[in-house]
Amino acid sequence: MIDVDGYRPNVGIVLLNADGRLFWARRIHRDGWQFPQGGMRSDETPLEAMYRELEEETGLSPQHVEVLGSTRGWLRYKLPSRYIRHHQQPTCIGQKQVWFLLKLVGGEDALRLDACDKPEFDLWRWVDFWYPAAHVVNFKRDVYHRALRHFAPLVETILSIELGPRPQPRNNRGRQQAA
1 MIDVDGYRPN
11 VGIVLLNADG
21 RLFWARRIHR
31 DGWQFPQGGM
41 RSDETPLEAM
51 YRELEEETGL
61 SPQHVEVLGS
71 TRGWLRYKLP
81 SRYIRHHQQP
91 TCIGQKQVWF
101 LLKLVGGEDA
111 LRLDACDKPE
121 FDLWRWVDFW
131 YPAAHVVNFK
141 RDVYHRALRH
151 FAPLVETILS
161 IELGPRPQPR
171 NNRGRQQAA
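According to the UniProt record's numbering, the stretch in the sequence shown is residues 1 to 179, in order.
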């Protein structure tokens with residue numbers, strides 16, 4: 001499902017542990033690390049898509065997490081031209097995402113990267129809150145910064161912690177605004 005502007009509806013998942021650290025996973029057979037994310041089906045709400053993607057990519061079900069918040073509207077990023085499949089119609093030029101902040105309420109032993117037939121990830125670890133925004137692939141950095149800046153005050157309030165200064169994106173190329 002691609003919208004009229006060429007963006008694929010998608011959800012992103014920021015999974016938080018009790019220490020304020022975030023779930024960070026390595027794409028299977030690749031060197032890239034990212035948050036869980038995935039496309040929405042035409043018959044799904046963003047929340048339904050998030051729960052489906054969460055289970056497929058991490059093995060976690062709704063009883064293992066608490067939804068703390070979500071971004072308002074869509075956060076968009078464009079794909080680099082080498083990733084655009086120009087021969088497919090409609091052409092997808094990027095993703096538009098609703099991001100969810102979840103807190104792990106069960107033990108991390110519930111995490112299973114092999115919960116579906118085609119796993120997305122092969123390794124995972126907990127990282128400092130701001131780490132992903134500087135270490136995800138360049139074309140996703142602005143969206144990661146925006147999602148984390150949106151969630152930071154909530155995390156600080158809920159966990160009674162100070163996350164430190166909010167870094168600015170290093171690469172603003174292709175920056176897209178929320179709808």
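Glycine residues also receive a C-beta, built at the ideal position from the N, C-alpha and C atoms.
Quiz prompt | Where the alpha helix (DSSP H) through V53 begins and ends | solution = Locating residue 53 in the sequence shown gives position 53, where the first residue counts as 1. In the sequence under discussion, the amino acid at residue 53 is Glu, which differs from the Val named in the question. Here the alpha helix (DSSP H) through E53 covers P46 to T58.
Quiz prompt | Local Cβ density within 10 Å of G12, reported as buried at 16 or more and exposed below that | solution = Position 12 of the sequence shown, counted from the first residue, corresponds to residue 12. Buried: at least 16 other Cβ atoms inside 10 Å.
Quiz item: When DSSP labels each residue in this structure, what does S160 get in the three-state scheme?
Solution: Your numbering for residue 160 matches position 160 in the sequence shown. Looking at S160 - three-state DSSP - the assignment turns out to be coil, as it is neither helix nor strand.
Quiz item: In whole angstroms, what separates the C-alpha of W92 from that of L159?
Solution: Here residue 92 refers to the residue found at position 92 when the sequence shown is read from its first residue. Here residue 159 refers to the residue found at position 159 when the sequence shown is read from its first residue. The sequence shown places Cys at residue 92, not Trp. Approximately 38 Å, taken between the alpha carbons.
Quiz item: Tell me which same chain residues have a C-beta within less than 8 Å of the C-beta of E56, skipping the five on either side of it?
Solution: For the purposes of this step, residue 56 is identified with residue 56 of the sequence shown, where counting begins at 1. Around E56: G38, A115, C116 and E120.
Quiz item: So does the region 39-47 actually touch the region 137-156, counting three or more Cβ pairs closer than 8 Å?
Solution: no
Quiz item: Just curious, the alpha helix (DSSP H) that A134 is in, first and last residue?
Solution: For the purposes of this step, residue 134 is taken as the residue at position 134 of the sequence shown. Here the alpha helix (DSSP H) through A134 covers Y131 to H135.
Self-check item: Residues sharing a beta bridge with V11, DSSP
Solution: On the sequence shown, residue 11 is found 11 positions in, with the first residue counted as 1. DSSP output for V11 lists G38 and V98 as bridge partner(s).
Quiz prompt | Own chain residues within Cβ distance below 8 Å of G32, not counting five before or after | solution = Along the sequence shown, read from residue 1 onward, the residue named residue 32 stands at position 32. So the list reads R26, V136 and V137, once near-sequence residues are dropped.
Self-check item: Minimum C-alpha distance to L111 - residue among Q63, P132 and D128
Solution: Taking the first residue of the sequence shown as 1, we reach residue 111 at position 111. Answer by Cα proximity: Q63.
Self-check item: Close Cβ partners of A152 (< 8 Å) along its chain, the five nearest in sequence each way excluded
Solution: Your numbering for residue 152 matches position 152 in the sequence shown. Cβ within range, chain order: F129, L163 and R166.
Quiz item: My guess is that residue 225 and K103 are in contact by the Cβ rule of under 8 Å, so how many angstroms apart are they, rounded?
Solution: A query on residue 225 cannot be resolved here, the shown segment of the chain reaching from 1 to 179 and no further.
Quiz item: Would you report the Cα separation of R173 and R76, rounded to the nearest angstrom?
Solution: For the purposes of this step, residue 173 is identified with residue 173 of the sequence shown, where counting begins at 1. For the purposes of this step, residue 76 is identified with residue 76 of the sequence shown, where counting begins at 1. Annotation note: pLDDT 48 at R173 (below 50); position unreliable, no value reported.
Self-check item: Exposure of D19, with buried meaning 16 or more beta-carbon neighbours within 10 Å
Solution: If you number the sequence shown from 1, residue 19 lands on position 19. Exposed, by the Cβ-count rule.
Quiz prompt | Three-way DSSP call (helix, strand, coil) for R21 in this model | solution = For the purposes of this step, residue 21 is identified with residue 21 of the sequence shown, where counting begins at 1. Note: R21 maps to coil in three-state DSSP.
Quiz item: Between L154 and L101, is the Cβ-Cβ spacing less than 8 Å?
Solution: On the sequence shown, residue 154 is found 154 positions in, with the first residue counted as 1. On the sequence shown, residue 101 is found 101 positions in, with the first residue counted as 1. Going by C-beta atoms, L154 is nearer than 8 Å to L101.
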